[in-house]
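Note sheet for the following structure.
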Amino acid sequence: MKKAAALLLTLIALGGALGAQQQGAEALVDECAAYLAAFFQGRPDARVAVVALDDRAGLGDSGLQKLYQMLVARLEANRTIHFADLLVAVADGRAEFNLDRARELDFLVELRLVRSLDKVGLGLTVFSRLQDRVVALKYLERAIPAAERDLLQARSFAFAAMGFAKLLEFEAREGLMDIQSLPAADGTMQYYLYYPDEIVIYQAREAGLEKRFQFKLTWSRPYYPTRHPEGRLLLFRSGADLVLTAGGNFAPYSLVLTFRDGVWQEAGRVDFVPFRFVTLNGIPCLVGARWEEGRNFLKERIFFQPYGPTQPAGEGLMQKPVCAAMALDIAAADGQLQAVHAIDREYSYRMYGADLAESTPLPGKKGGALAALGGKWLALSDYRRSTDRLFFCDIRDGGLRPVYEAAVAGEVRFLAAGAWHDAPGFWAGVRQRDEDGGRLLVQFWGKANE
């Protein structure tokens, strides 16, 4: 009996020693997460975010991003911490964060990876915005074998195509500029396809769309003929009214239509193209931009127009400067503006916060078309003529984290957020060229588990 007890004590001690000697990147992340959880244990309402992350250990951008993602997963799972993931990008051994959100936080965390002989060290600093001082400093280190460092540095492709899937594809008439959807009175989803001269309305069927009806759009002069028409359609409910706005690069104004007595009736015009219907300081507003007349880029302004049944047309129009853009969309969640995403005239990605202040640009990030799905996802095309790519980025908490990607046969001409049945996702207008001139395909890329 004494021998058995002694053996048991030996195994327990050996197990503790092995546990204490646990090595590798995951052990380093676990210890960091455990330290932060213990530090914030008595502060259940603390709002926390990492705002600086540097790699001086030679793990590379992929390794830095993987370590950060593992840490985020652990901190978000800990309900004692109100953690905000503000990561925008990782480049050249340094992470970029959306610092526009820093004023909303209570504690800021700085992380720095260093090399210590055969080990990797992690320096952790916690700064309190309420006290305006550093309140914690911790150094952790673990041995990370060379094989594991190679694995960290390798770029992962296995999960890139697993998030969004192509759920629908059909051929459309040339000139299609946008697609929007809204439930009808009976709850059936209806899809509005926007052409310069008309809007065609379809109803969802199990494996496709069924045409219901269409109506013509009448534009008065001046009208700017363009080789490549571009435009945006907006659908929303205002009180008992169903409202539709339509505009583009071929007219200096947008039509405002309401659905009454079974028909669409013109209810007015606005001097820009509405992209979203949001609430600002309790006031319902149309938010949008203007195309350069007859051209394929948007001017350097975002417009805000109060909207309501008693609001005089044009009164209260406000504007804010942004970059001239080849593509632009406005991310909004629960009726509140979150951010403005744009591709400038150099095809570089740009992002503006809810206050329209520009965030740090992403070095080397290029794109063609883009669209924002609420405040959760941003789809961005690679702008290639024959074999384009779609990148699906997580934009929650104000960041931009590429998560999934998909190959597209053809050139993505436009992107629009929407839904197919119960799956949220993105509509893509894809131009495919061939000996006969080519065709326009409409695809829907959906995420079934949202």
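Taken in order, the sequence shown gives residues 479 to 928; the numbers are from the working numbering. Idealized CB from N, CA, C, for every residue including glycine. All values reported here derive from a predicted model rather than from experimental measurement.
- Look at the alpha carbon of Arg-773 and the alpha carbon of His-706, and state the distance between them as a whole number of angstroms. If you take the alpha carbons of Arg-773 and His-706, they lie about 8 Å apart.
- Does DSSP put Lys-689 in a helix, in a strand, or in coil? DSSP places Lys-689 in strand when its eight states are reduced to three.
- Query: For Lys-854, which three-state DSSP category applies?
  - Reply: Looking at Lys-854 - three-state DSSP - the assignment turns out to be coil, as it is neither helix nor strand.
- Task: Note the first and the last residue of the continuous alpha helix (DSSP H) segment covering Leu-545.
- Result: Start and end: 538-555.
- Following the continuous beta strand (DSSP E) through Ala-885, name the residue where it begins and the one where it ends. Run containing Ala-885: 879-887, per the beta strand (DSSP E) assignment.
- Determine which residues share a DSSP beta bridge with Glu-676 and list them. For Glu-676, which the question treats as bridged, DSSP gives the partners Lys-694.
- Query: If you follow the alpha helix (DSSP H) that Phe-517 is part of, which residue opens it and which one closes it?
  - Reply: For Phe-517, the enclosing alpha helix (DSSP H) starts and ends at 503-517.
- Query: So the beta strand (DSSP E) Arg-867 belongs to, where does it begin and stop?
  - Reply: In the DSSP annotation of this structure, the continuous segment of the beta strand (DSSP E) that includes Arg-867 starts and ends at 865-872.
- Query: So who's on the other strand from Cys-763, going by DSSP bridges?
  - Reply: The partner list for Cys-763 (beta bridge, DSSP) reads Val-756, Pro-784.
- Message: I want to know whether the stretch 589-596 touches the stretch 523-537 - three or more CB-CB distances under 8 Å.
- Response: Counting Cβ pairs under 8 Å, three or more are found: they touch.
- Task: Report the rounded CA-to-CA distance for Ile-808 versus Gly-852, giving the unit in angstroms.
- Result: Rounded to whole angstroms, the separation of the alpha carbons of Gly-852 and Ile-808 is 9 Å.
- Message: Pairs of beta-carbons, one from the stretch 640-654 and one from the stretch 905-919, closer than 8 Å: are there three or more?
- Response: Output reads yes: the stretch 905-919 touches the stretch 640-654.
- Item | From Leu-868, Ala-895, Val-881, residue whose alpha carbon lies closest to that of Ala-887 | Comparing C-alpha distances from Ala-887 to each of Leu-868, Ala-895, Val-881 shows the shortest one belongs to Leu-868.
- Cβ-Cβ distance between Gly-924 and Ala-643 below 8 Å: Contact: yes.
- Query: Are the CB atoms of Gly-709 and Pro-674 nearer to each other than 8 Å?
  - Reply: Yes, the Cβ-Cβ distance between Gly-709 and Pro-674 is below 8 Å.
- Query: Can you pull the DSSP bridge partners for Met-829?
  - Reply: Partner(s): His-819.
- Query: Per DSSP, what kind of secondary structure is Phe-922 in: helix, strand or coil?
  - Reply: Looking at Phe-922 - three-state DSSP - the assignment turns out to be strand.
- Query: What's the C-alpha gap between Phe-728 and Gln-743?
  - Reply: Between Phe-728 and Gln-743, the C-alpha separation is close to 21 Å.
- Item | Proximity winner among Gln-547, Arg-525, Gly-520, relative to Val-507 (alpha-carbon distances) | Taking only the C-alpha atoms, the option nearest Val-507 is Gln-547.
- Task: Taking Thr-666 as the reference, give the member of Leu-645, Tyr-672, Glu-688 with the closest Cα.
- Result: Minimum Cα distance to Thr-666 is reached at Glu-688.
- Can you grab the Cα-Cα spacing for the pair Ala-850 / Ala-857, in whole Å? Looking at the two C-alpha atoms, the distance is approximately 6 Å.
- Do the stretch 719-737 and the stretch 689-704 meet, that is, are 3 or more Cβ pairs less than 8 Å apart? Result yes; three or more Cβ-Cβ pairs closer than 8 Å.
- Residue environment, Glu-619, which counts as buried when at least 16 other CB atoms sit within 10 Å: Around the C-beta of Glu-619, 16 or more other C-beta atoms lie within 10 Å, and the residue is accordingly described as buried.
- Name the two residues that bound the continuous beta strand (DSSP E) containing Trp-905. Looking at the DSSP string, the run of the beta strand (DSSP E) that includes Trp-905 is 901-910.
- Note down the Cα distance separating Ala-682 from Pro-661, rounded to an integer number of angstroms. In this structure, the alpha-carbon of Ala-682 lies about 10 Å from that of Pro-661.
- Give a yes or no on contact between the stretch 606-615 and the stretch 539-553, applying the rule of three or more CB pairs nearer than 8 Å. By the Cβ rule, the stretch 606-615 does not count as touching the stretch 539-553, because fewer than three pairs are nearer than 8 Å.
- Message: If you measure between the beta carbons of Leu-834 and Val-800, is that distance less than 8 Å?
- Response: Contact: yes.
- Query: Of all the options Arg-572, His-560, Ala-527, Arg-521, which has the alpha carbon lying nearest to the alpha carbon of Gln-543?
  - Reply: Closest by alpha carbon: Arg-572.
- For Leu-586, I'd like the list of residues in its chain whose CB is within less than 7 Å of its CB, leaving aside the five on either flank, ordered along the chain. Excluding residues within five positions, the ones whose Cβ falls inside 7 Å are Ala-527, Val-529, Ala-580, Phe-605, Arg-607.
- Item | Residue burial classification, His-899 (beta-carbon count within 10 angstroms, cutoff 16) | Taking all protein chains shown into account, His-899 has fewer than 16 neighbouring C-beta atoms within 10 Å of its C-beta and is therefore exposed.
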